[in-house]
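Here's the structure we're looking at; comments come further down.
Residue numbers (the working numbering), protein chains in the order written: chain R, 19 to 399; chain E, 10 to 642.
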């Protein structure tokens with residue numbers, strides 16, 4: 019495999035060319051292949067007309083590639099030192115979206131920045147991973163056992179989760195919390211503390227539910243059981259299953275999907291793009307796509323295992339979990355396995371904000387890979 | 010364990026300890042990350058099995074369904090919105106149309122089905138070829154039209170033979186009908202099958218027999234008229250018969266659009282004009298187009314069924330271009346009707362006062378060139394008022410020389426000439442008002458001689474009859490009225506129907522009043538159009554004549570005594586007239602262009618008077634009719 023390349027430059031003196039040599043180009047190629055799947059699917063979603071979605075998707079991916087490769091060359095120590103700036107910036111955007119954001123689908127989620135719309139909750143997940151990795155990277159096993167040491171990062175998770183809940187966007191809040199928990203776990207928080215937290219949550223949930231307003235409760239009911247709202251989220255999932263099921267092994271063929279093209283499938287260019295692929299290219303196409311996305315997540319773990327510093331390991335595991343959740347929640351949603359909405363499929367769904375944040379995360383990941391042997395300073399007790 | 014939750018100098022001492030601690034931490038990380046990765050891999054595995062179950066195990070159930078019953082999604086087109094005229098009369102409506110459709114995926118053998126079908130309802134060979142072509146081009150589940158406009162008898166025969174006709178169904182569609190045939194064709198436009206490039210943006214466009222607006226108001230308001238597709242999910246058997254309806258989403262019907270044209274007035278005007286003549290009549294106060302008549306025209310109903318090659322050749326080969334709306338796409342030199350613009354440019358630039366006299370000896374010499382006045386004996390001393398009334402060319406040669414072309418062009422643009430008027434007729438030409446920069450961009454010089462010629466509306470100008478009518482309306486009101494056709498959408502009036510909706514042109518009222526009085530004099534004060542006064546009960550008309558050469562008059566001809574009646578018709582000059590009325594309270598503005606009509610005062614002005622009389626009789630001397638059609642009738 020390509021990952022066998024020897025590290026040429028071990029210290030900060032490494033030149034740009036040497037760093038470029040270090041970039042795992044076969045992974046970049048994998049990303050291009052995933053984006054190409056997205057291009058084909060969006061071409062189909064646009065009825066075969068590239069101007070509808072596909073063209074913009076390709077252009078955005080091109081910009082994303084430049085962003086990712088630029089970030090890959092930035093020294094990981096610089097990223098670690100200024101991680102807190104990124105974290106606070108993410109929080110600031112979340113506050114801004116609550117104050118001035120655009121309301122979409124019943125929640126305040128978007129900010130307009132010039133020509134692009136930004137969904138700060140997406141960016142926040144990456145910034146949170148960055149902040150937590152920076153906090154934990156010098157902590158020894160002993161120190162991870164100290165509850166007081168865990169309080170500030172716990173607050174760092176709860177603040178954005180609370181802000182996202184306030185939008186309100188329960189699904190993304192839960193995903194953000196899960197990503198944070200993964201970093202805590204990898205950093206070495208004692209397993210019995212996880213068990214305790216889970217038990218506490220199980221006890222607290224019914225009490226919290228009792229204290230909610232009726233409309234909030236109704237929202238959770240719909241969230242948990244979409245069949246209770248057959249004209250809303252439930253309708254989408256039923257249609258998605260019909261489209262998926264009728265795809266069969268080989269699919270109906272490019273542009274031949276009846277459900278998608280007759281507009282029974284809603285949001286076919288964003289949330290339900292995977293259904294489009296599965297209907298037109300069958301189980302073969304769906305599994306191929308899933309395998310590519312699995313490889314993408316697996317690469318994050320490869321970076322984690324190869325990194326010689328804890329910062330890189332935690333960053334890679336956190337990002338890997340983030341991408342895993344994107345893929346898992348999206349595919350589980352369109353197959354009717356879990357009742358969540360609004361999660362895009364990375365590099366495949368149409369949308370500039372998601373593309374930008376996904377590629378930003380990969381840029382950080384590549385930097386961790388390129389600088390996997392960097393000296394990160396002494397460990398603390 | 011020391012009590013230092015964070016910070017402090019708690020760096021581990023000793024290289025050995027550090028390495029040991031690092032090894033330990035790394036080991037824990039590796040185990041935990043591996044566990045996390047394994048869980049995630051397991052989750053992906055779960056998704057894989059889930060997909061397998063849905064697509065293969067339950068997919069088999071779908072395969073069984075496909076043999077006996079299956080779910081089929083179908084779009085249905087909402088009725089297209091109608092177009093109504095000023096009085097609420099339908100000028101583009103819908104008529105029922107029974108059609109036979111073929112869904113290719115529901116028959117084993119398309120050509121066999123075609124063969125059977127043609128024994129029941131005879132199909133010509135070219136029809137069969139068309140059906141097979143469309144079947145190949147479309148997706149298998151898209152219905153293709155076999156035959157439109159079925160009679161009751163044909164429908165009954167198809168239904169009786171249904172078992173032998175897998176994939177064939179009869180459905181009720183609508184077809185567009187234009188009751189006013191050629192009278193409103195250029196305004197209303199027509200519908201036709203969508204171009205292939207359009208398909209894809211709207212699922213509606215994939216429907217068999219769908220028509221989209223391809224010209225005129227039909228095209229401009231296509232989205233509003235078209236509506237949104239509804240969809241129905243039905244269970245059908247193996248030959249495509251509907252068993253039951255599972256789910257239905259209603260479409261959004263197209264909305265009615267009311268236009269400002271008065272059909273009866275339009276027809277009356279068209280009855281008065283000959284081939285090659287164009288008349289545009291506006292409500293001077295708000296720019297509404299009351300009539301836009303040109304001959305020849307075409308029958309838009311022909312486009313509905315598809316234009317035959319012979320018909321198309323006849324239209325496009327004809328020198329009189331029936332498909333082209335000359336009111337918006339015919340380009341003419343404005344001739345003397347442009348002189349008001351030159352006069353206003355001169356007043357604004359303060360190069361003369363209205364009372365200043367210029368001597369006209371019948372020509373103006375500049376350099377080696379002699380520029381003739383139409384009156385070879387000369388008008389003697391003329392001021393601005395008498396120059397407009399008598400249409401003295403020398404006066405305006407002189408004014409153009411003083412003002413310069415660019416200021417004339419800027420004034421013309423303010424009056425709506427050479428600019429995009431944004432009327433709801435796609436393809437409308439902006440025309441051309443030349444400037445020095447425009448000529449220089451072509452690599453040619455602009456001389457003072459060019460400016461002089463352009464002072465009387467000759468030269469490079471290319472203006473539409475519509476823009477001349479707009480100029481007249483703006484002269485009459487002093488406001489930048491824009492010509493428009495839309496009065497109401499779905500029964501709701503649109504903006505722009507009141508004079509106050511339009512901003513002022515910013516030209517001093519004194520200047521405008523002076524020009525208007527000169528135009529009054531053209532008709533009522535002994536000017537060139539004195540023979541075309543309005544009957545007194547309708548008030549007085551103000552106007553301006555124009556006559557534009559289409560061939561250069563040589564010196565030889567001039568010396569022999571040039572007589573237009575002796576030259577072939579297509580060499581004779583165009584006749585133009587612009588007017589508004591009543592003079593003291595302008596309601597109507599119009600432009601008339603008679604191709605090869607020889608003289609503005611002889612051919613165009615009397616026609617303009619007749620049109621205005623007709624307008625007053627039909628729409629009244631106070632205010633054009635105001636009825637807004639009810640929505641959704």
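Ideal Cβ placement from N, Cα and C applies to all residues, glycine included.
- Non-local C-beta neighbours of residue 112/R in its own chain, meaning closer than 8 Å and more than five positions away in sequence, comprise 138, 139, 142, 178, 181, 182, ordered along the chain.
- The beta carbon of residue 210/R does not come within 8 Å of any beta carbon belonging to chain E, so the residue lies off that interface.
- Counting only Cβ-Cβ distances below 9 Å, residue 290/R has no contacts in chain E at all, with the closest Cβ about 14 Å away.
- Not flagged as an interface residue toward chain R: residue 115/E, since no C-beta distance is shorter than 8 Å.
- For residue 196/R, the enclosing alpha helix (DSSP H) begins and ends at 188 to 205.
- If you draw a straight line from the Cα of residue 94/R to the Cα of residue 385/R, it is about 6 Å long.
- By the CB criterion at 8 Å, residue 199/E and residue 312/E fall inside the cutoff.
- Within 9 Å of the CB of residue 102/R, no CB atom of chain E is found; the nearest one sits about 14 Å away.
- Nearest CB-CB separation between residue 34/E and chain R: below the 8 Å threshold.
- In this structure, the beta-carbon distance from residue 259/R to residue 298/R does not fall below 8 Å.
- If you keep only unbroken alpha helix (DSSP H) runs of at least 4 residues inside the stretch 160 to 186 of chain R, you get 165 to 183.
- Residues of chain R whose Cβ lies closer than 9 Å to the Cβ of residue 59/E are, in chain order, 349, 350, 353, 354, 355.
- One thing to note: residue 364/E has its Cβ no nearer than 8 Å to the Cβ of residue 386/E.
- In the structure shown, residue 368/E falls within a strand segment according to DSSP collapsed to helix, strand and coil.
- Within the stretch 189 to 208 of chain R, the residues whose Cβ lies closer than 9 Å to any Cβ of chain E are, in chain order, 200, 203, 204, 205, 206.
- Between the alpha carbons of residue 184/R and residue 116/R lies a distance of about 8 Å.
- The stretch 250 to 270 of chain E makes contact with the stretch 224 to 233 of chain E; the number of CB pairs closer than 8 Å reaches 3 or more.
- Among the bridge pairs identified by DSSP, residue 261/E is matched with 237/E.
- Here the alpha carbon of residue 191/E sits roughly 21 Å from the alpha carbon of residue 599/E.
- Under a 10 Å Cβ-count criterion, residue 187/R is classified as buried, with 16 or more other Cβ atoms of the shown protein chains found around its own Cβ.
- A Cβ-Cβ contact shorter than 8 Å links residue 229/E with residue 434/E.
- DSSP, reduced to helix, strand and coil, places residue 299/R within a helical segment of the structure shown.
- With a beta-carbon spacing of about 6 Å, residue 458/E and residue 378/E fall inside the 8 Å limit used to define contacts.
- Nearest to residue 295/E by C-alpha distance, out of 629/E, 490/E, 587/E, is 490/E.
- The alpha carbon of residue 487/E has as its nearest neighbour, out of 350/E, 559/E, 194/E, the alpha carbon of 350/E.
- The C-alpha of residue 348/R lies about 29 Å from the C-alpha of residue 329/R.
- With a contact defined as Cβ atoms closer than 8 Å, residue 278/E and residue 300/E qualify at about 5 Å.
- Following the DSSP letters along the chain, one finds residue 449/E inside the alpha helix (DSSP H) bounded by residues 445 to 450.
- For residue 165/E, there are no neighbours in chain R by C-beta distance under 8 Å, as the nearest C-beta there is about 31 Å away.
- Under the Cβ criterion of 8 Å, residue 86/E is not counted among the residues facing chain R.
- Distance from residue 52/R to residue 366/R at the Cβ level is roughly 7 Å; contact confirmed, criterion being Cβ atoms closer than 8 Å.
- The beta carbon of residue 331/R sits closer than 8 Å to some beta carbon of chain E.
- Residues of the same chain with a CB within less than 6 Å of the CB of residue 151/E, apart from the 5 flanking positions on each side, are 215 in chain order.
- Where residue 381/R is concerned, the enclosing alpha helix (DSSP H) starts and stops at 370 to 388.
- Around the C-beta of residue 118/R, fewer than 16 other C-beta atoms lie within 10 Å, and the residue is accordingly described as exposed.
- With respect to chain R, the C-beta atom of residue 141/E has no partner C-beta closer than 8 Å.
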